Amino acid sequence: MKNLRNFVIIAHIDHGKSTLADRMLQHTGTISERDFQNQMLDSMDLERERGITIKSHAIQMDYKHTDGEKYRLNLIDTPGHVDFSYEVSRSIAAAEGALLVVDASQGIQAQTIANLYMAIDHDLEIVPVLNKMDLEAAQPEEVKDQIVDLIGCERDDIVEASAKTGLGTQEIFNAIIDRIPNPSGDPQKPLQAMVFDSVYNSYRGVVVYFRIYDGILKPGDKLKFVNSEKTYDAEEIGILRLKQIPKQKMEAGDVGYLISGIKTSKDIKVGDTITHVENPCKNIVSGFEESKPMVYAGVYPIDTDDYEELRNSLEKLQLNDASLAFEPESSMALGFGFRCGFLGMLHMEIVQERLDREFDMGVITTVPNVSYKVFTTDKEVIEVHNPSGLPEPTLVDHIEEPIIHAQIITKEATVGQIMKLCIDKRGALKNQVYLTADRVELTFDMPLSEVVFDFYDKLKSISRGYASLDYYTKGYQTARLVRLDILINGEQVDALSTLTHFDNAYGIGRKMCQRLKELIPRQQFDIAIQAAIGTKIIARETVKAVRKDVTAKCYGGDITRKRKLLEKQKKGKKRMRQVGNVEIPQKAFMQVLKMD
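Okay, so the sequence shown: first residue is 45 according to my numbering, each after it adds one.
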């Protein structure tokens, strides 16, 4: 065990984590040059296309140190985006050390700080790495000052590297072996292992990724999952290389995979403890906290017959993405579907894409909402994720919405515009600190509902991509919220209802009506599209009727002939308006929900 090291790579988005992992795999000869491709550990097509890491990936390397000793290194590459910070917390729980990668041209960003604090909370040894030293824009001295201020390390402890050119790779390995402690565990004690990820394989059932803290695991052992209280036989265990390599024995400190014929996804929970049936361990591993969804949206199959298939797809996806939560719900307009909880808008987009690619499920998502607390006049507290769950206005005492504490780090030139953006989003400035002459940290308290939609995109475009954002939830505060309904021909369409702040309701209602006017096909009668708060209509658009020229065949003769035909048409239109029914095309739902 003294020649074993478990470590994670953490950093802000695009600071070069995955590229650094590539260099390390090449340096240790884990991958032959023939099989090599960039972003080797990003195995999903989606990750390659977008150039981001979505899942954490573990891989084992054999490294021969300059002193002749052989070491086994378990590397876990993690995502950098705020929406996937839950993945990072799981990986950190399985390691003893972390490489903190900082871009030499951009310096420390908000997510760097957030991930660093998470690692320090778990008592990980931090090895700071200054990446992208080959860039002309690199400012190594300034950025080193920032790192020293943040971690309080010595300047000489910072490893200079360039993942692109391979500079400093050897120094990084030396730092991992010299500074990161080997796992402390006792192979003689009863087995105690923690599940930190799982994935569904259609041939072999659920594959569990685990980290052993104490004890020894062999194929054929009878295992118990403590939380779900299920028992299984270990059919196959092994280590994670590019392919899974079976082993006959694994002991304390090892990271690997387990296949034991688990068929249903409900039986396995990330963060669960694995132990032997005969000789169980006394206490369970204190894993990481449950993830809390920030954004809720309805997910419905385009074809209502696919409801059960959608349920199966979501369950399999939940195995691989423990931060996804869902429960059944139904809607008048869209039929049966699920209310899903996501960590953010990017997470929601990725889940939609993965459903489409991995399970061939086309879905419609309703307007995203955050969860509100509704205090009724009977002193009850109801948690509402869905506009239809809001009680009647007469029964509501007050509503509270979630507040976040947001840290934004930006260049000095764009501070004014970013402040205006945050204040427009009902934010309150709490603090403003100059980190260096031209870098500012702004701290705001803002409603989560305002940040959910397009805040991140706007922040990036205002700051030309420089600003970085990190946030955590801070609690609830009273807000003046209303339910905005969309009526088509006097009938409410529940899938388009939203909960929104009173100040924004008029603008949103107006935009939705204008958008629907373009999307709903014209009928033989006028269609009224209205936005309403309760019984008060706040915006209206009309889709004009398609009019047939009934007097075309009338030539010459008395005017009364024409009038008779027009009167007849008028009666027909009146009757049609009473019995007419407007179907909103699926395309219209998709378009309205993509509205800015």
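Every residue gets a Cβ at the ideal spot worked out from N, C-alpha and C, and that includes glycine.
Bear in mind the structure is a predicted one, so any value in this text is a computation, not a measurement.
Check: Give the secondary structure of V52 by DSSP, where H, G and I count as helix, E and B as strand, and everything else as coil.; Outcome: strand
Check: Judging by CA-CA distance, which residue of A589, H391 and V251 is the nearest neighbour of E280?; Outcome: V251
Check: Using 7 Å as the threshold, is the C-beta distance between Y416 and I443 below it?; Outcome: yes
Check: To the nearest angstrom, how far is the alpha carbon of V407 from that of A457?; Outcome: 42 Å
Check: With a CB to CB cut of under 6 Å and the five nearest residues on each side skipped, what residues in its chain are close to D468?; Outcome: none
Check: So what does Y107 bridge to, in DSSP terms?; Outcome: Y115
Check: Terminal residues of the continuous alpha helix (DSSP H) containing Q461?; Outcome: V459 to D468
Check: Would you call E373 buried or exposed, if buried means 16 or more other Cβ atoms sit within 10 Å of its Cβ?; Outcome: buried
Check: What are the residues that DSSP puts in a beta bridge with C384?; Outcome: A341 and F370
Check: Do H429 and K518 have their C-beta atoms closer together than 7 Å?; Outcome: no
Check: Going by the DSSP bridge assignment, what does E485 pair with across the sheet?; Outcome: I453 and V477
Check: With 16 other CB atoms within 10 Å as the buried threshold, where does K61 fall?; Outcome: buried
Check: Measure the Cβ-Cβ separation of L513 and L525 and say whether it is below 7 Å.; Outcome: no
Check: Exposed or buried, what is F546 when buried is set at 16 or more other beta-carbons lying within 10 Å of its beta-carbon?; Outcome: exposed
Check: Judging by CA-CA distance, which residue of E186, K608, M45 and I573 is the nearest neighbour of T595?; Outcome: K608
Check: Which residue comes first and which comes last in the alpha helix (DSSP H) that contains D365?; Outcome: From DSSP, D365 is part of no alpha helix (DSSP H); its letter is neither H nor E.
Check: Tell me the DSSP secondary structure of H429 in three-state form.; Outcome: coil
Check: Is it buried or exposed for I54, if we count other Cβ within 10 angstroms and need 16 for buried?; Outcome: buried
Check: When burial is assigned at 16 or more other CB atoms within 10 Å of the CB, is R78 buried or exposed?; Outcome: exposed
Check: Quick check on the burial criterion: 16 or more other C-beta atoms within 10 angstroms. Buried or exposed for V299?; Outcome: buried
Check: Let me know the alpha helix (DSSP H) ranges lying completely inside the stretch 525-599, each 4 residues or longer, listed in chain order.; Outcome: 546-563
Check: Could you please give the first and the last residue of the uninterrupted alpha helix (DSSP H) stretch that includes T63?; Outcome: K61 to H71
Check: Just checking my contact of K455 with R483 at CB under 8 Å: how many whole Å lie between their CB atoms?; Outcome: 6 Å
Check: Give the secondary structure of H320 by DSSP, where H, G and I count as helix, E and B as strand, and everything else as coil.; Outcome: strand
Check: May I ask which residues mark the beginning and end of the alpha helix (DSSP H) holding L194?; Outcome: P184 to I195
Check: Is it true that the stretch 178-186 meets the stretch 147-164, where meeting means three or more beta-carbon pairs spaced less than 8 Å apart?; Outcome: yes
Check: Leaving out the 5 sequence neighbours to the left and right, which residues in its chain are closer than 6 Å to G553 when beta-carbon positions are compared?; Outcome: L528, A575, I582 and A583
Check: Please classify V395: is it buried, with 16 or more other beta-carbons within 10 angstroms of its beta-carbon, or exposed?; Outcome: buried
Check: Would you kindly work out how many angstroms separate the C-alpha atoms of D441 and N413, rounded to a whole number?; Outcome: 21 Å
Check: DSSP beta-bridge partners for L261?; Outcome: M294
Check: For G212 and Q70, I'd like the C-alpha separation in whole angstroms.; Outcome: 13 Å
Check: Starting from the Cα of I216, find the closest Cα among L284, K262 and L117 and give me that residue.; Outcome: L117
Check: In the structure shown, what three-state DSSP assignment does P437 receive?; Outcome: helix
Check: Determine the burial state of R591: buried for a count of at least 16 other Cβ atoms within 10 Å of its Cβ, exposed for fewer.; Outcome: exposed
Check: Give the range of the alpha helix (DSSP H) segment to which D222 is assigned.; Outcome: T213 to R223
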